[in-house]
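Residue numbers for the sequence shown follow numbering that gives the first Met the number 0, so the first one is 0 and each next one is one higher.
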Amino acid sequence: MSGFSMPSFSGPCRVLKFDADKCVGCNLCVDACPLDVMIPNPEPGLEPIVVFAEECWFCGGCVQECPHGAITLIFPAKQRISTIFKRKDTGEEFRIGQKKPMPPNIVPPSGE
Ligand code: SF4
Ligand code: SF4
């Protein structure tokens with residue numbers, strides 16, 4: 000690795016995870032990223048280097064572009080936490096305090 004190319008540790012999270020067994024170092028993901036979050040790895044054939052993790056929008060463009068399915072997006076923890084709970088025994092999903100069944104939405108669409 001070049002002495003001038005280091006992963007960014009200041010981002011909200013790791014952002015991208017590359018599967019080294021699948022990545023062929025084609026850099027299609029690098030070209031696809033609108034924010035230039037990654038740079039090509041100076042070692043041919045190796046996965047790109049994330050240099051601006053804090054600028055990632057989590058748009059998924061790089062994941063879609065990768066022909067080998069080698070990229071996994073790692074969302075920040077606060078975006079992974081859901082307010083919907085699931086009962087282990089029944090699989091029922093619910094919100095705390097939610098009436099059952101959910102009352103119908105009687106608010107008319109905006110503009111009417
Ligand atoms: S998710 Fe979007 S912004 Fe983030 S690295 Fe991939 S293409 Fe770039
Ligand atoms: S597009 Fe996929 S295979 Fe190509 S460099 Fe990026 S992660 Fe590796």
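Ideal Cβ placement from N, Cα and C applies to all residues, glycine included.
Annotation for C55: V14, V36 place their beta carbon closer than 6 Å to its own, counting only its chain and skipping 5 residues before and after.
Those residues placing their Cβ nearer than 7 Å to any heavy atom of ligand 2 are, following chain order, F17, K21, C22, V23, G24, C25, N26, L27, C28, V29, E46, P47, C61, E64, C65, P66, H67, A69, I70.
For M101, the CB stays at least 8 Å from every heavy atom of ligand 1. Taken in chain order, the unbroken stretches of alpha helix (DSSP H) that lie wholly in the segment 22-47 and span 4 residues or more are 27-31.
The bridge partners DSSP lists for I83 come to none.
For V50, the Cβ stays outside the 8 Å cut-off from all heavy atoms of ligand 1.
For P39, the Cβ stays outside the 8 Å cut-off from all heavy atoms of ligand 1. Relative to ligand 1, the beta carbon of E53 is positioned no closer than 8 Å to any heavy atom.
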